[in-house]
């Protein structure tokens with residue numbers, strides 16, 4: 018599970034697998050079956066603090082060309098780690114750090130590393146497939162992407178299809194052959210995001226005609242034909258279930274309103290099947306939900322009361338919230354991530370704390386005691402990067418701290434776990450350590 022990074026002010030996003038982190042995870046944009054849990058967090062910068070946690074010895078480390086938290090970050094697959102060094106895509110053995118091959122083509126997109134292959138778009142607008150073990154080119158396709166400095170090129174992989182998104186092109190390619198399936202002109206010159214692919218429908222969101230809210234558009238995954246659009250703004254998909262998606266409706270006004278409005282939308286038709294508004298507020302701008310999480314039959318509305326305190330309100334999904342009395346939790350710290358293995362994760366007085374769902378039981382993580390910049394939840398591990406440069410490897414279920422690495426970084430990218438190696442993305446360095454027993 019992935020928890021998002023928190024930027025110097027609060028900005029949260031949900032992306033992909035299970036990890037809690039304070040830096041945004043953009044390398045390897047494969048779609049999850051559901052984006053309901055928040056498993057990554059990225060946050061503020063702070064002051065130094067020391068403790069007696071065992072300092073681990075890295076297996077290896079290397080410099081990289083980029084700040085780790087972003088679309089140019091590293092990816093890992095099948096015992097290899099892929100990163101950019103001196104403008105070259107570089108592949109190294111994840112256990113030893115030994116460079117196995119490099120490619121001179123300069124990439125301008127995120128990396129997809131999957132099934133012993135690496136995919137990316139280079140500075141000429143060419144989409145490439147390389148063998149992950151050897152670097153041998155499998156195929157190349159000259160796309161119609163025009164490189165624009167202020168808009169990222171994104172590559173997504175879903176069900177045997179590669180989707181390439183640029184400000185002037187949206188195209189689909191067969192992952193095995195590189196054959197173009199279709200290509201269309203995006204509805205927005207500002208770029209757009211691919212939100213998911215469900216039931217043969219590609220869901221996108223984009224700013225259209227300078228409208229301040231993101232508008233949804235759905236395309237046939239086989240042909241690229243536009244199926245439907247929604248004029249009202251919606252953010253990313255919270256959950257997919259049985260032919261429908263749940264998504265957060267974006268407000269465009271200030272003043273009185275609701276902390277969150279959740280629409281349930283039919284994937285095939287775009288019809289809004291239900292719409293529920295949660296928690297009346299006097300100031301939509303400052304009191305709106307910072308996170309919404311769906312877990313089973315429960316929907317959690319997370320509001321931030323301050324930089325250090327969240328209010329979490331629990332409702333039954335699919336029932337009128339006006340007829341419910343929600344369970345409200347506050348005064349427990351700043352909510353970071355969840356629900357992960359039955360736990361919510363908070364930052365309370367610079368300490369990471371795990372709290373059980375439907376219980377007052379909690380587990381403190383003894384060791385990390387400085388503002389958290391990143392949290393990633395992967396397997397049984399909670400990987401915690403602090404603003405003083407220390408990075409902790411802990412057990413997410415027990416709170417036991419197995420060790421830490423000291424770095425010069427103040428922010429961290431997505432933690433990677435490949436085979437028995439943990440790869441820490443510490444600003445412009447990759448640091449590899451042995452995966453501790455019990456964190457698999």
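Numbering (my numbering), first residue to last: 18 to 457.
Beta carbons are placed, not taken as given, at the ideal position from N, Cα and C, and that holds for glycine.
Just so it is clear, the structure is predicted and the values come from calculations on it, not from any experiment.
Quick check on this structure: which residue in the options has the alpha carbon closest to the alpha carbon of residue i?
i           : options               : result
residue 240 : 260, 411, 217 and 331 : 217
residue 202 : 211, 210, 209 and 186 : 186
residue 184 : 162, 445 and 191      : 162
residue 144 : 304, 242 and 128      : 128
residue 324 : 310, 298, 366 and 316 : 366
residue 337 : 278, 306, 349 and 375 : 278
residue 82  : 443, 454, 71 and 452  : 443
residue 332 : 74, 368, 295 and 388  : 295
residue 69  : 422, 122 and 449      : 422
residue 322 : 303, 334 and 339      : 303
residue 251 : 267, 238 and 259      : 267
residue 113 : 94, 142 and 76        : 76
residue 281 : 93, 273 and 291       : 291
residue 286 : 231, 215, 341 and 398 : 215
residue 429 : 344, 408 and 92       : 408
residue 253 : 311, 271 and 200      : 311
So residue i packs on residue j, CB below 8 Å; how close in whole Å?
i           : j           : result
residue 102 : residue 79  : 7 Å
residue 329 : residue 352 : 6 Å
residue 179 : residue 131 : So it is not a contact: roughly 10 Å between Cβ atoms.
residue 149 : residue 108 : 7 Å
residue 138 : residue 181 : 6 Å
residue 160 : residue 188 : 6 Å
residue 120 : residue 147 : 7 Å
residue 470 : residue 424 : Nothing about residue 470 can be read from this structure; the chain reaches only from 18 to 457.
residue 204 : residue 223 : 6 Å
residue 255 : residue 309 : 6 Å
State the DSSP-derived secondary structure class of residue i, mapped to helix, strand or coil.
i           : result
residue 297 : strand
residue 17  : Look at the range of the chain in this structure, 18 to 457, and you will see that residue 17 is not part of it.
residue 373 : strand
residue 454 : coil
residue 464 : Residue 464 cannot be examined here, being either before or after the span of the chain that is shown, 18 to 457.
residue 304 : helix
residue 339 : helix
residue 446 : strand
residue 423 : strand
residue 159 : strand
residue 469 : With the chain covering only 18 through 457, there is no way to say anything about residue 469.
residue 437 : coil
residue 349 : coil
residue 133 : coil
residue 152 : coil
residue 103 : coil
residue 127 : coil
residue 89  : coil
residue 143 : strand
residue 121 : coil
residue 267 : coil
residue 284 : coil
residue 274 : strand
residue 38  : Here the model assigns residue 38 a pLDDT of 43, short of 50, so the residue's position is not dependable, and the following value carries that caveat. Correct three-state label for residue 38: coil.
residue 326 : strand
residue 358 : coil
residue 404 : coil
residue 417 : coil
residue 43  : Its pLDDT being 30, under 50, residue 43 is placed unreliably by the model, and the measurement read from it follows with that caveat. Residue state, collapsed to three classes: coil.
residue 396 : coil
residue 81  : coil
residue 367 : coil
Going by the CB atoms, is the gap between residue j and residue i shorter than 8 Å?
i           : j           : result
residue 362 : residue 410 : no
residue 261 : residue 284 : yes
residue 319 : residue 307 : yes
residue 414 : residue 373 : no
residue 111 : residue 136 : no
residue 134 : residue 152 : no
residue 348 : residue 375 : no
residue 390 : residue 427 : yes
residue 213 : residue 257 : yes
residue 432 : residue 400 : yes
residue 447 : residue 100 : yes
residue 88  : residue 169 : yes
residue 364 : residue 350 : yes
residue 98  : residue 395 : no
residue 244 : residue 233 : no
residue 381 : residue 403 : no
residue 95  : residue 123 : no
Using a Cβ-Cβ distance cut-off of 8 Å, determine whether residue i contacts chain B.
i           : result
residue 356 : No chain B is present in this structure, which holds just one protein chain.
Can you find a heavy atom of the ligand COA that lies under 7 Å from the Cβ of residue i?
i           : result
residue 122 : No copy of the ligand COA occurs in the structure displayed, which carries no ligand at all.
Can you check the region 178-265 for any beta strand (DSSP E) of at least 3 residues that lies completely inside it and give the ranges in chain order?
Segments of the beta strand (DSSP E) lying fully in the region 178-265: 178-183, 186-191, 197-201, 209-215, 218-223, 232-237 and 243-258.
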